[in-house]
Structures are given as structure tokens and as C-alpha cells.
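Worksheet: the structure to be examined is printed underneath.
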Amino acid sequence: MRSTILIGLTFFVVASGAWAVDLVSYHPQIDAGIDPLAPISFKVSSN
Numbered sequence: 033m034r035s036t037i038l039i040g041l042t043f044f045v046v047a048s049g050a051w052a053v054d055l056v057s058y059h060p061q062i063d064a065g066i067d068p069l070a071p072i073s074f075k076v077s078s079n
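Residue numbers (our numbering): 33 to 79.
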């Protein structure tokens, strides 16, 4: 039981650390037209 809790806690800490590093090192590529922080919108064209 104790090892299961330690494994779960270790996984949580590693995953949280990876997520934090990803947030800190994120650089949006505005030039490429990619902005994942922008609201999702869909363009519909009818011909």
C-alpha cells in the first residue's frame, strides 16, 4: 500500500514538473498563424 502511494505521488510530481517546464518554455508562433491561447473559432464558407 505504501509503495503504491509513493509511486502515485512520484508520478504526480514528475508530471507536474513537466507541465510547469512546458508552460515556462512555451513560445507561441504568431508568425505561423498558430495561437493556441486564442479562442477557438471556425470559419465556414459557402459557395
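Note that CB positions come from ideal geometry on N, CA and C, so glycine has one too.
Residue state for Ser57 is assigned as coil, using DSSP reduced to three classes. When the Cα atoms are used, Ser57 and Gly49 turn out to be separated by approximately 12 Å. In this structure, the straight-line span from the alpha carbon of Ile39 to that of Leu55 is close to 24 Å.
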